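Beneath this line is the structure, given in structure tokens, with notes to follow.
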Amino acid sequence: MLTWAGFLLAQSQPNNLILLVDRLARTPISQIVIFAAVLTAVRLLLYPYLKNTPIHLRSGIYNFARIINDLADALIYAAIVVFMLVRPFGIQTFYIPSPSMVDTLRTNDYIVANKFVYRTSDPKFGDIVVFKPSVYARPADSPDADFIKRCLGVPGDLIEIKDWQVFRNGKPVEEPYKTISDQTRGNQLPLAKEEWQPYIDQQEDFKFIQLDNYKTTDPTEPGNPEGIVPFIFKKDQWSDQHNFAPRGGSLYNPMMDTNEAVQLPAQRIPKDYYLMIGDNRNGSNDGRYWGLVHRSQIVGRAEFTWMPISRAKKLSNPHAK
464 MLTWAGFLLA
474 QSQPNNLILL
484 VDRLARTPIS
494 QIVIFAAVLT
504 AVRLLLYPYL
514 KNTPIHLRSG
524 IYNFARIIND
534 LADALIYAAI
544 VVFMLVRPFG
554 IQTFYIPSPS
564 MVDTLRTNDY
574 IVANKFVYRT
584 SDPKFGDIVV
594 FKPSVYARPA
604 DSPDADFIKR
614 CLGVPGDLIE
624 IKDWQVFRNG
634 KPVEEPYKTI
644 SDQTRGNQLP
654 LAKEEWQPYI
664 DQQEDFKFIQ
674 LDNYKTTDPT
684 EPGNPEGIVP
694 FIFKKDQWSD
704 QHNFAPRGGS
714 LYNPMMDTNE
724 AVQLPAQRIP
734 KDYYLMIGDN
744 RNGSNDGRYW
754 GLVHRSQIVG
764 RAEFTWMPIS
774 RAKKLSNPHA
784 K
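Converting from the sequence shown to my numbering requires adding 463 to each position, the first position being numbered 1.
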């Protein structure tokens, strides 16, 4: 049996160039600041030499030093513009790690998201949206991962799902993008032997270790979570836990549990919440399982794919008026 997290680990990986692009796009601001500071120091060290060198001696090493100085200057401005202005407020590239949006988006596709559009407007029904997943949906091994799904419920909508069909305000929604894949439903996913064999081979190295660095704490003490939200899934011998809500934050209870994946009774979407569902309707871990997404969690709107080049295209909303 393979969970969703295991599926993401076992799937095919992108090539080195794509991985490099993805890592650069996700470079933390702290590293950009250090990078710019180092380049600034280089320029400060070169400045006296470049300024005081007589004109008749400005050749050879001087020309090399000037090239380094100009390159450092260009990289500093590029870092500031791209990582401190464009990425936070303009556009950002994202990598697609799963088939949840097939056939609109495929595994290993790269998309560009417009992060400015939702600063001046709200997500529309049918938009392809990048967002921070709810606390219930965050992968344990990638808690900062972004999700991408289609918005199929906006505030005020009465949404119902029957046998993969979405009904909006009592009317069936035409979904030309919807795919019903032939993969096994649930958390049992078919894998080739070469995909699962490495995990079997590593079993002999698996050992339990004694940890002594855990401690209990009073959740009501200053600095601790604001409250405890009971775990939403049925408890068994493997799960007996609580979800903690950060101070000043809020959680909205999921609309359904995993046993109601296909059938969703008609429910009104409350203010500031959105329902996100994958186009690959029976191969997507989405809002049907873990509920709604708050407006504050939305990152941007997917505009187009740019890699692989053969799949470069604009991503449209067929419901847009």
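Backbone N, C-alpha and C define an ideal beta-carbon position, used for all residues, glycine too.
Remember, predicted model here, so these are calculated numbers, not experimental data.
For S773, the nearest candidate out of I539, Y573 and D749 (CA to CA): Here residue 773 corresponds to residue number 310 of the sequence shown, with the count starting at 1. That would be Y573, whose Cα lies nearest to the Cα of S773.
Y525 versus T516 - alpha carbon distance: As a working mapping, residue 525 is identified with position 62 in the sequence shown. As a working mapping, residue 516 is identified with position 53 in the sequence shown. Cα-Cα distance, rounded: 8 Å.
Terminal residues of the alpha helix (DSSP H) in which Q555 lies: Reading the sequence shown from its first residue, position 92 is the one you call residue 555. Boundaries around Q555 are those of the beta strand (DSSP E), I554 to Y558, since no alpha helix (DSSP H) includes it.
Same chain only: Cβ atoms within 7 Å of K625, ignoring 5 sequence neighbours per side: The residue labelled residue 625 in the question sits at position 162 within the sequence shown. Q726, listed in sequence order.
With 16 other Cβ atoms within 10 Å as the buried cut-off, status of G746: Within the sequence shown, residue 746 is the residue found at index 283, counting from 1. By the Cβ-count criterion, G746 is buried, with 16 or more other Cβ atoms from all chains shown falling within 10 Å of its own Cβ.
G763 (DSSP reduced to helix, strand or coil): The residue you call residue 763 lines up with position 300 of the sequence shown. In this structure, G763 counts as strand in the three-state DSSP scheme.
Own chain, CB closer than 7 Å to F498, minus 5 neighbours either side, in chain order: Translated into positions along the sequence shown, residue 498 becomes position 35. Cβ neighbours of F498 beyond the five flanking positions: A542.
Given H782 as reference, the closest of Y736, V505, E637 and S759 once Cα atoms are compared: One-based indexing of the sequence shown puts residue 782 at position 319. Per the Cα distances, E637.
6 Å CB neighbourhood of R744 in its chain, flanking five on each side removed: If you number the sequence shown from 1, residue 744 lands on position 281. For R744, where only same-chain residues beyond five positions count, the Cβ hits under 6 Å are W627, K641 and I643.
Beta-carbon spacing of E766, K777 below 9 Å: Your numbering for residue 766 matches position 303 in the sequence shown. Your numbering for residue 777 matches position 314 in the sequence shown. For E766 and K777, yes; Cβs fall inside 9 Å.
Beta-carbon gap between Y736 and P596 smaller than 9 Å: Sequence index remark: in the sequence shown, residue 736 carries index 273 (1-based). Sequence index remark: in the sequence shown, residue 596 carries index 133 (1-based). Result no, Cβ atoms of Y736 and P596 do not sit closer than 9 Å.
Residue closest to I732, alpha-carbon to alpha-carbon, out of L621, P562 and G754: Locating residue 732 in the sequence shown gives position 269, counting from the first residue. Taking only the C-alpha atoms, the option nearest I732 is L621.
Chain-order list of residues whose beta-carbon lies under 8 Å from that of W769 (same chain, five-residue window excluded): Indexing the sequence shown from 1 puts residue 769 at position 306. Contacts found: T556, Y573, I574, V575 and A775.
Every unbroken beta strand (DSSP E) inside the segment 497 to 585 [3 residues or more]: 554 to 558 and 573 to 577
Extent of the continuous alpha helix (DSSP H) to which R751 belongs: Numbered from 1 along the sequence shown, position 288 holds the residue referred to as residue 751. Per DSSP, R751 belongs to the alpha helix (DSSP H) from G750 to W753.
Simplified DSSP state of Q726, which is helix, strand or coil: Counting from 1 along the sequence shown, the entry for residue 726 is found at position 263. Annotated three-state conformation of Q726 is coil, per DSSP.
Limits of the unbroken beta strand (DSSP E) element including V617: As a working mapping, residue 617 is identified with position 154 in the sequence shown. Run containing V617: none; DSSP gives neither H nor E here.
When R758, P771, N780 and L508 are compared against S584, the one with the closest alpha-carbon: In the sequence shown, counting from the first residue as 1, residue 584 sits at position 121. Measuring from the Cα of S584, the nearest candidate turns out to be R758.
Between the CA atoms of V505 and I539 - distance to the nearest angstrom: Taking the first residue of the sequence shown as 1, we reach residue 539 at position 76. Taking the first residue of the sequence shown as 1, we reach residue 505 at position 42. Taking the straight line joining both Cα atoms gives about 11 Å.
Cβ distance (whole Å) where G763 is taken to contact Y581 below 8 Å: Position 300 of the sequence shown, counting from 1, holds the residue named residue 763. Position 118 of the sequence shown, counting from 1, holds the residue named residue 581. 6 Å between Cβ atoms; contact.
Alpha-carbon spacing of G633 relative to L615, whole angstroms: Walking along the sequence shown from the start, residue 633 turns up at place 170. Walking along the sequence shown from the start, residue 615 turns up at place 152. Approximately 14 Å between the Cα atoms of the pair.
Three-way DSSP call (helix, strand, coil) for R744 in this model: For the purposes of this step, residue 744 is taken as residue 281 along the sequence shown, with counting starting at 1. In the structure shown, R744 sits in coil (DSSP, three-state: anything other than H, G, I, E or B).
Separation of A603 from D703, as counted between CA atoms: Walking along the sequence shown from the start, residue 703 turns up at place 240. Walking along the sequence shown from the start, residue 603 turns up at place 140. Residue placement at D703 cannot be trusted, given a pLDDT of 40 that sits under 50; what the coordinates show is reported in the next sentence. Those two C-alpha atoms are separated by around 16 Å.
Nearest candidate by alpha-carbon position, reference G589, set V545, D742 and R751: Working through the sequence shown from its first residue, we reach residue 589 at position 126. Nearest C-alpha to G589: D742.
Residue range of the beta strand (DSSP E) that includes F588: Within the sequence shown, residue 588 is the residue found at index 125, counting from 1. Careful: F588 lies outside any beta strand (DSSP E) and carries neither H nor E.
Neighbour-count burial assignment, A600, 16 or more Cβ in a 10 Å radius: Locating residue 600 in the sequence shown gives position 137, where the first residue counts as 1. Counting Cβ neighbours within 10 Å, A600 comes out buried, since at least 16 surround it.
Residues that E809 bridges to, as DSSP identifies them: Given a span of 464 to 784 for the chain in the structure shown, any question on residue 809 remains unanswerable.
Cβ separation of E623 and P491, assumed to be a contact under 8 Å, to the nearest whole Å: Residue 623 sits at position 160 when you count from the first residue of the sequence shown. Residue 491 sits at position 28 when you count from the first residue of the sequence shown. With a Cβ gap of about 42 Å, E623 and P491 do not count as contacting.
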